[in-house]
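Quick note: the sequence shown uses the working numbering, first residue -16, plus one each step.
Below is one structure, written out as structure tokens; comments come after it.
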Amino acid sequence: MKPVDIQQKLNQYRYHFIVTLLISSVVAFLSYTAPSVLTVLAYFWPLFASTTVLLVAIMAFGGVSQLATEAHGQKTGEGLLDYVSAARPEHMDEEPRRFE
């Protein structure tokens, strides 16, 4: 390949080189100026800890309530499903009152 051919190929892709150089410069600048992962963790550790405690409490109470309903011989949500699947709920059998 002649030097002239190489120059033409480089000119053909010059915008690609410029965009790549700009993007890599921005990424390098942001990685240099951004705080470290340990700094972010040190700042947000109370939020992470409280969220973890809340999730553990939800799982613990969810498991306890599920065991309690199974002990009474009732599956979870069975009463609600019976109410929804009923063609006409009990309180709807009465005639509506007319206020005149």
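For every residue, glycine included, the Cβ atom is placed at its ideal position computed from N, Cα and C.
Query raised in the report: Just how far apart, CA to CA, sit Leu(-7) and Ser19?
Result: 38 Å
Requested in this report: From the DSSP output, in three-state form, read off Ala40 for me.
Outcome: helix
Query - Segment limits, alpha helix (DSSP H) that includes Ser19 - result: Taken as a continuous stretch (DSSP letters only), Ser19 belongs to no alpha helix (DSSP H), as it is neither H nor E.
Query raised in the report: How many angstroms separate the CA atom of Tyr(-2) from the CA atom of Gly46?
Result: Going by the C-alpha atoms only, they are around 60 Å apart.
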